[in-house]
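Per the UniProt record's numbering, the sequence shown starts with residue 1, numbered consecutively. Comments concern the structure below.
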Amino acid sequence: MSDMVPEVLNAALDSLFTPKEPGEQEYQGEDGLLYCRKCHTPVQCRVKLWGRDKIVPCLCRCQQEAMAEKKRQDELLERQRKIRKLKATGIQEKHLLEWNFAVAEDNKDIQMAKRYVEQWKKVKTENLGLLLWGDVGTGKSFVAACIANALLDQGIPVLMTNFSKILNQMGAMYSEERYRYIASFSNYSLLILDDLGIERSTEYALEQVYAVIDERYKSGLPVIITTNLKIAEIRNPQDVAYARIYSRILEMCTPVRISGEDRRKSIGKEKQQVVKEVLDL
1 MSDMVPEVLN AALDSLFTPK EPGEQEYQGE DGLLYCRKCH TPVQCRVKLW
51 GRDKIVPCLC RCQQEAMAEK KRQDELLERQ RKIRKLKATG IQEKHLLEWN
101 FAVAEDNKDI QMAKRYVEQW KKVKTENLGL LLWGDVGTGK SFVAACIANA
151 LLDQGIPVLM TNFSKILNQM GAMYSEERYR YIASFSNYSL LILDDLGIER
201 STEYALEQVY AVIDERYKSG LPVIITTNLK IAEIRNPQDV AYARIYSRIL
251 EMCTPVRISG EDRRKSIGKE KQQVVKEVLD L
């Protein structure tokens, strides 16, 4: 019975790898193998199976290149799909998606933000957070959004939100749900909390703000916080509830003053100019 095994296998191989005539894009070489007319590399090769030479199909160079290109395109499409998904969950205010380095003026604030992105591996490893503070309209949220979009474009999970949204989300949750919700922020390599100080100042709200900040602290992951508060208010709060929040923030974040031109006034002037042109005022 065992003597019949090689014969059966050889018969099966003969049926699988029977000689074929050249196709339109092939020709037969002097070695008896078929070759691709385009790249002139073989589409067949000889292998030894159970002591016998067999001619089996193989990929010519242009087929290999086509497969490699398809793989590259598939990986690119998958990366783009991943980035779209990350942006859909990470930046929920659609206008923030338009705030990026491509439309930013190259001032010192933007240069700092670019360096933060360029040094991201070290930023994450060292847990380097930022507290972007300054007057209303100076571009704190814009700078933060530029950082967020640049990292998202690299496939890095970022969440940009604010405490008002967080508190609204938590309003209808039970305590266990609130804990899981806050813990879910650890899924993001960078958390950006915009406009600290605009949220409600009730005891419950401050308790939840501290819970979010403290959970981020425990995660060992960086956070960027923007605020219109003066740095003196953060360093010397008058209220104990604020004191423990701000103390934790200063432990996690380096204060950086953003002092750009008031973007809101600039945008307002541009709109006024457009209105004058449209209405011939």
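Using N, Cα and C, we set each Cβ at its ideal position, and we do this for glycine too. Remember, predicted model here, so these are calculated numbers, not experimental data.
Cut-off 7 Å between Cβ atoms - residues of its own chain near residue i, not counting five sequence neighbours on either side
i, result
"Thr-41", "Tyr-35, Cys-60 and Arg-61"
"residue 288", "The shown model of the chain, from 1 to 281, leaves out residue 288, and the question about it has no answer."
"Asn-187", "Pro-157"
"Met-1", "With a pLDDT of only 49 at Met-1, under 50, the local geometry of the prediction cannot be trusted, and no value is derived from it."
"residue 297", "Beyond the ends of the chain as shown, which are 1 and 281, falls residue 297; an answer cannot be given."
"Lys-87", "Leu-97 and Leu-152"
"Pro-57", "Val-43 and Gln-44"
"Val-274", "none"
Own chain partners of residue i with C-beta closer than 6 Å, once the 5 adjacent residues on each side are dropped
i, result
"Leu-279", "none"
"Asp-53", "Arg-46"
"Ile-110", "Ala-104"
"Val-136", "Asn-228"
"Leu-33", "Pro-42 and Gln-44"
"Phe-185", "Leu-191"
Beta-bridge pairing of residue i - partner residues as DSSP gives them
i, result
"Ile-147", "DSSP output for Ile-147 lists no bridge partner at all."
"Gly-129", "Cys-253"
"Cys-36", "Glu-26"
Proximal residues to residue i (C-beta, below 8 Å), its chain only, five neighbours per side dropped
i, result
"residue 289", "Residue 289 lies beyond the residue range present for the chain, which begins at 1 and ends at 281; the question has no answer from this structure."
"Val-123", "Tyr-116 and Pro-222"
"Arg-248", "Tyr-210, Ile-213, Asp-214 and Tyr-217"
"Gln-28", "Pro-22, Leu-34 and Tyr-35"
"Ala-183", "Glu-215"
"Ala-148", "Gly-90, Ile-91, Leu-96, Val-158, Met-160, Leu-190 and Ile-192"
"Gln-63", "Cys-36 and Val-43"
First through last residue of the alpha helix (DSSP H) which encompasses residue i
i, result
"Gln-63", "61-90"
"Arg-52", "Per DSSP, Arg-52 belongs to no alpha helix (DSSP H); it is in the beta strand (DSSP E), 52-57."
"Glu-105", "Note, Glu-105: premise wrong, no alpha helix (DSSP H); not H, not E."
"Glu-93", "Element bounds for Glu-93: n/a, residue is neither H nor E."
"Glu-233", "231-235"
Continuous beta strand (DSSP E) stretch holding residue i: start and end
i, result
"Lys-48", "44-49"
Nearest-angstrom beta carbon gap, residue j and residue i [assumed within contact, 8 Å]
i, j, result
"residue 290", "Glu-26", "This structure gives no information on residue 290, because the portion of the chain shown stretches from 1 to 281."
"Lys-82", "Gly-155", "6 Å"
"Gly-90", "Leu-193", "Going by Cβ atoms, the distance from Gly-90 to Leu-193 rounds to 13 Å, so no, they are not a contact pair."
"Gly-260", "Thr-138", "5 Å"
"Leu-250", "Leu-190", "The Cβ separation is near 19 Å, so there is no contact."
"Trp-133", "Arg-244", "The Cβ separation is near 19 Å, so there is no contact."
"Tyr-246", "Ile-234", "5 Å"
"Trp-99", "Ala-68", "That belief does not hold up - the Cβ atoms of Trp-99 and Ala-68 are roughly 37 Å apart, past 8 Å."
"Val-143", "Ala-113", "5 Å"
"Gly-220", "Asn-107", "Contact doesn't hold; Cβ gap of about 32 Å is too wide."
"Glu-118", "Leu-167", "That belief does not hold up - the Cβ atoms of Glu-118 and Leu-167 are roughly 34 Å apart, past 8 Å."
"Leu-206", "Ala-241", "5 Å"
Suppose only complete runs of 4+ residues qualify. What are the alpha helix (DSSP H) ranges in the stretch 147-227, listed by chain order? As summarised for the stretch 147-227, the continuous alpha helix (DSSP H) elements at least 4 residues long and confined to that stretch are 163-170, 175-183 and 203-219, given in chain order.
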